[in-house]
Amino acid sequence: MKANHNATVAKIMAIYGKSLRAEDYQSLINQRSVSEVAEYLKKNTYYSELLAPIDTNTIHRGMLENLLRRSVFEKYIKIISFEQIGTHEFYNYRILKTEIDEILSCIRHINAKSDEQIATTPIYLGNYASINFIEFAKIRSFDELLEFLRKTPYYSELLELKPKEGEKADYNACEIKMRTYYINRLFTSIKKNFSKNLQDSLMFLLLTDIDLINVINSYRLITYFNESEDDIKKNMLPFHGRLTEQKQYEIITSNDAEDFIKRFSKTYYGRQMLDNGYNINDIEQSAMRLRYRYAKLALKKSTQAPLSIYAFLYLMDNEVQNLIKIIEGIRYELDPKKIEALIFI
Amino acid sequence: MSSIERMDLVNIAGLTKDLDAVLLKLSECGCFHMESATKITGKSGTFNNPSREENPYAGMLKLLNDISAQTGYKFKSAGYNEIKDKSIDRLRNYIKGIREKIEDIKKRQKTAAENLSMHQQTLYQVEHLQGLNIDFQRFFTLQHIKIRFGRLPIYSFNKLPYYDDKVFYFLYFSEDQEYYWGMYFTPVTDSEDIDEIFDSLYFERIRLPDFVRGTSQDALDELSAFVENDKLEIENCKKEIEELMEKESRNLNMIFSRMKSQHDNFDLRNKAAIVNNKFYIVGFVPHNNAEEFEKLFADIESVSIVLSPAEQDDKIAPPIKLKNNKFAEPFSMFVEMYGLPSYNGINPTTFVAISYTLLFGIMFADLGQGLVVALIGFLIWKLKKNNLGAILTRVGISSAFFGLLFGSVFGFEELLDPMYEKLGISFLPFKAMSSTNIVLIGAIAIGILLILVSILLNIIVGFKNKDFERAVFSNNGIFGLIFFGSLLAGIVGIALKKNLFTPVYIICLLVLPLLVMFFREPLGHLFTHKKFHVDSVGDFIASNFFEVFEFLLGYATNTLSFVRIGGFVLSHAGMMSVVLALSESAAAGASPIIIVLGNIFVMGMEGLIVGIQVLRLEFYEIFSRFYDGEGKAFKPVKINYDSNNNE
Chain A
48 MKANHNATVA KIMAIYGKSL RAEDYQSLIN QRSVSEVAEY LKKNTYYSEL LAPIDTNTIH
108 RGMLENLLRR SVFEKYIKII SFEQIGTHEF YNYRILKTEI DEILSCIRHI NAKSDEQIAT
168 TPIYLGNYAS INFIEFAKIR SFDELLEFLR KTPYYSELLE LKPKEGEKAD YNACEIKMRT
228 YYINRLFTSI KKNFSKNLQD SLMFLLLTDI DLINVINSYR LITYFNESED DIKKNMLPFH
288 GRLTEQKQYE IITSNDAEDF IKRFSKTYYG RQMLDNGYNI NDIEQSAMRL RYRYAKLALK
348 KSTQAPLSIY AFLYLMDNEV QNLIKIIEGI RYELDPKKIE ALIFI
Chain B
457 MSSIERMDLV NIAGLTKDLD AVLLKLSECG CFHMESATKI TGKSGTFNNP SREENPYAGM
517 LKLLNDISAQ TGYKFKSAGY NEIKDKSIDR LRNYIKGIRE KIEDIKKRQK TAAENLSMHQ
577 QTLYQVEHLQ GLNIDFQRFF TLQHIKIRFG RLPIYSFNKL PYYDDKVFYF LYFSEDQEYY
637 WGMYFTPVTD SEDIDEIFDS LYFERIRLPD FVRGTSQDAL DELSAFVEND KLEIENCKKE
697 IEELMEKESR NLNMIFSRMK SQHDNFDLRN KAAIVNNKFY IVGFVPHNNA EEFEKLFADI
757 ESVSIVLSPA EQDDKIAPPI KLKNNKFAEP FSMFVEMYGL PSYNGINPTT FVAISYTLLF
817 GIMFADLGQG LVVALIGFLI WKLKKNNLGA ILTRVGISSA FFGLLFGSVF GFEELLDPMY
877 EKLGISFLPF KAMSSTNIVL IGAIAIGILL ILVSILLNII VGFKNKDFER AVFSNNGIFG
937 LIFFGSLLAG IVGIALKKNL FTPVYIICLL VLPLLVMFFR EPLGHLFTHK KFHVDSVGDF
997 IASNFFEVFE FLLGYATNTL SFVRIGGFVL SHAGMMSVVL ALSESAAAGA SPIIIVLGNI
1057 FVMGMEGLIV GIQVLRLEFY EIFSRFYDGE GKAFKPVKIN YDSNNNE
């Protein structure tokens, strides 16, 4: 299928060109309250349209964060509507991802016996989603969840993970199952529809993401939970990019955090971190930094809409995450230097 | 003539107690390019980097930045002799005092802004309530129902169905882009629960003040007065801050300059190396400033300075400072855009200045438009000191000159004919539209000339760097020149009906150079007595075959690329003839307007395109033959007073 869609690529670059710059972040970090952050965004950045009707003096932190999250979805809709490419199955991945995120969030809320899912439910997806999020937020048990999802493809994925009466669902198993389903759908769509070159570029970006997520997860499991090799394996996404099965085996059989870093530094990603001057001892932050870097590079070089959209949305999510970190940091009166270390520019 | 400024490598050593004094002098002299001393000393451990400690002036600058961020005041550089002996603590207390004053005013301003926002929202709310004709007092006397006024984000409004089992009713009076404005009712018994739900939905409650009773008109009048008062208070606060900053700016600028200078100098310590109690600094100064530079440190006893030729230490490449004549100077912008030459390279600025000016003039030949472009450029240069303005002046004059030759004035191609007739010059003006072949062939001839000059420049650079592969055997070396020159001579010969392509000519001047280019790598190695190694002969043959094929294609495409010069000569005449045709077909009154607008349009659009196209020719067809652009810029260390953010 035709994938370049030059106008869409240009549109993405035009929007990306307006995204926040280092000096914006510097100014935001130096603000003293959520209101001042909102005011800065409203006066000096491309969020001015989003925040135009908002009174920044009285805005609530949670509302600002919701608005920012929604803005990424609005950008996504704006882009896929530009050349009416939204009907193609690949571009639907964002909706698929959001639905899966919500299902996982629902399982967390069920396990925690919490009824607060409604607070963050992305109802702005509206008709784009295959789920009625208002009804979805009312679910209080795994059985209700299965019943709700009965006519969707998610049902068969979750059925075998149904917990026994009175027990909690195994959240990690559910997460791996659902994420694996999402990745498989994405891979199938990429392989079915796109040219070899585009497939390679997209797969590289996706598999890099997966590899680095696996690295972060296994590092946490070894460092904080001292899990066995088998348990770690169960919590890994079953895909491999440049972190081959052999390399993955080497790092997950590490004795402790120090050993992990030593072994990891010999992998492709470890070398990349060292070459780019990242602090390999802070492996989680550095892995995120690397993911951000790859997405930025991909967007810069991309001439084809699927790759541009994927990389762009990743960068936009990162921008919103940066803003949320700044808002939280200011709220908890964190030193600006510490906030700065948490964001990826 | 353009050249590259000669540099001297400077090694400075001294006792660490004098390090700060030395760094201050370095940043003040404006001619010292500092390198990291560890590049020379290595990271052996003998030398330490002195400054891993926190910059002691960062805190003070942060205080000043806070003031700048809160007031919008930009600090300026100022002499600080008056305060140079004042203790840091004293200065800190002074700044903190000012910051407190500002914070007090800001607090008042914030309260006023919040009040203003609340009063405006209440006003908005009451305006909507007017239509309901409600006696406000009744709201506050209800015993079993609680009523809350406010606004609910649309996003949250859509979540209300989730709470359909709860007892409340939300009534909205109006909506805007982001909110529903209205009120919700709930029984007193459920109000705590419902208030919590609305809180979680970011319902912003507007508390109707006590006075909102009686008629709504009274309430509106009262609220309007409040709004005016709040606005006045905000304005007063802004004025107070302005006055405070005006009063304190002299002192603050002095403190800022001192702190900034000490802060930046402290940062420079990162580039020095320390062993025992001695420091070591390395960098470059332009050769012309070296003597003067050395004298700067005469009064610091422990410091010794050693000056040596720039290339003495191959661990650090000398920085590049281009030396240009007045005509070429503005064009250094284009050269820097591509990258600076290496220290042993050549400075192509004059070549670029001449070729750019000529090509632009030919492609945008119009006496009237050229003079207008020159005038605009002159104004930009005078008012904004922008190099682009200076370039426009030069290319504008060139356009005017070629416009004079081509007889074109604001698109009128016959305006100068009588003048040339009077002067008795029969071959002028040159009519481009009626001599298209001459224009296109002329364009290619210019291209060939520029390519030949580029190849010659590459040969010079190659010999300068003792790179024989590049100077002799490459496609832009001597054999490339022989091949390209011979091929062109042969083609010209055919055009003049004289066939030069004899077997000897072909073998000696075409085939042999091609073979040399094919074997350029081993030949280059042979010349420099280096061993040449190939992993696979097959790979060597295949890759060189395609490279030589690419060279051939390159000669052809690069040459033909210059046809665009002719293309633009014709397009200028063509576009202006369209403008004139339009003006002729328009009503008499509209004709001058069309000519003026048409000229503005053509000047804007064609001027821009020609500017870009010539730059493209410079970068792709000319620079790619001889220019590496791998040099690093000469950046003297100095205090950057423009940047307030040092944290």
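Just so you know, the protein sequences line up as chains A and B, in that order.
Start counting the first sequence at 48; every next residue gets the next number (our numbering).
Start counting the second sequence at 457; every next residue gets the next number (our numbering).
Here a beta-carbon is modelled for each residue, glycine too, at the ideal position from N, C-alpha and C.
Nearest to residue i by alpha carbon, out of the options?
i                : options                            : result
G1054 of chain B : B:V1066, B:Y550 and B:V1034        : B:V1034
G470 of chain B  : B:G1063, B:A754 and B:I772         : B:A754
V119 of chain A  : A:R108, A:F311, A:Q368 and A:V56   : A:Q368
V909 of chain B  : B:I934, B:G638, B:R976 and B:V895  : B:I934
V262 of chain A  : A:L88, A:M283 and A:L252           : A:M283
R68 of chain A   : A:Y379, A:I373, A:E366 and A:I371  : A:E366
G553 of chain B  : B:R564, B:L520 and B:Q565          : B:L520
Q718 of chain B  : B:L482, B:A951 and B:A830          : B:L482
S95 of chain A   : A:N77, A:G109 and A:L115           : A:L115
D1026 of chain B : B:G867, B:L679 and B:I911          : Note that residue 1026 of chain B corresponds to Leu in the displayed sequence, not to Asp. The option with the nearest alpha carbon to L1026 of chain B is B:G867.
L547 of chain B  : B:M715, B:K986, B:E510 and B:V1093 : B:M715
I601 of chain B  : B:N614, B:D620, B:F624 and B:E583  : B:F624
F834 of chain B  : B:A846, B:L823 and B:G826          : B:A846
M789 of chain B  : B:L475, B:I761, B:N843 and B:K954  : B:N843
K622 of chain B  : B:E631, B:I653, B:R604 and B:S612  : B:I653
Y63 of chain A   : A:K384, A:A342, A:Y171 and A:I373  : A:A342
I373 of chain A  : A:M363, A:D364 and A:K385          : A:K385
Looking at the strands, I want to know which residues DSSP matches up with residue i.
i                : result
P786 of chain B  : Partner(s): none; P786 of chain B has no beta bridge.
W837 of chain B  : Paired residues: none, contrary to the question.
A1109 of chain B : Given a span of 457 to 1103 for chain B in the structure shown, any question on residue 1109 of chain B remains unanswerable.
Y636 of chain B  : B:L608 and B:E631
R661 of chain B  : B:G606
S760 of chain B  : B:A469
P765 of chain B  : B:D464
A1089 of chain B : B:I776
I601 of chain B  : B:P643
S459 of chain B  : B:K779
F868 of chain B  : B:V865
L796 of chain B  : B:G1087
V741 of chain B  : B:D464
Which two residues bound the contiguous alpha helix (DSSP H) that contains residue i?
i               : result
S74 of chain A  : A69 to I76
N53 of chain A  : N53 to G64
E491 of chain B : Looking at the DSSP string, E491 of chain B is not in any alpha helix (DSSP H); the run it does join, the beta strand (DSSP E), is H489 to E491.
G817 of chain B : T805 to M819
S82 of chain A  : V81 to N91
F974 of chain B : L968 to F974
K343 of chain A : I330 to K348
Q368 of chain A : A352 to R378
T892 of chain B : T892 to K920
S483 of chain B : L475 to C485
Hey, quick one: how far does the beta strand (DSSP E) through residue i stretch, first residue to last?
i               : result
F629 of chain B : Y625 to E631
Report yes if the C-beta of residue i is less than 6 Å from at least one heavy atom of the ligand NAD; otherwise report no.
i               : result
L616 of chain B : With respect to small molecules bound, the structure shown includes none, and the ligand NAD cannot be examined in it.
Continuous beta strand (DSSP E) assignments of at least 3 residues falling wholly in the segment 982-1040 of chain B
none
Is there contact between the segment 711-726 of chain B and the segment 567-586 of chain B, where contact requires at least three CB pairs shorter than 8 Å?
no
Contained beta strand (DSSP E) runs [length at least 3] in the segment 229-293 of chain A, N- to C-terminal order:
none
Three or more beta-carbon pairs under 8 Å between the segment 1058-1065 of chain B and the segment 1024-1042 of chain B, yes or no?
yes
I want to know whether the segment 516-531 of chain B touches the segment 674-692 of chain B - three or more CB-CB distances under 8 Å.
no
Across the segment 787-803 of chain B and the segment 1077-1089 of chain B, are there enough close Cβ pairs to call them in contact, namely three or more that are closer than 8 Å?
yes
Just to confirm the assignment: which complete alpha helix (DSSP H) runs, minimum length 4, are found wholly within the segment 526-587 of chain B?
544-586
Determine, using beta-carbon pairs with one atom in the segment 553-568 of chain B and one in the segment 692-709 of chain B, whether at least three such pairs fall under 8 Å.
yes
Does the contact criterion of 3 or more C-beta pairs under 8 Å hold for the segment 1073-1082 of chain B versus the segment 837-856 of chain B?
no
Is the number of C-beta pairs between the segment 737-751 of chain B and the segment 532-543 of chain B that are closer than 8 Å three or more?
no
For the pair the segment 345-356 of chain A and the segment 50-60 of chain A, tell me if three or more CB-CB distances fall below 8 Å.
yes
With three or more C-beta pairs closer than 8 Å as the rule, is the segment 232-246 of chain A touching the segment 171-186 of chain A?
no
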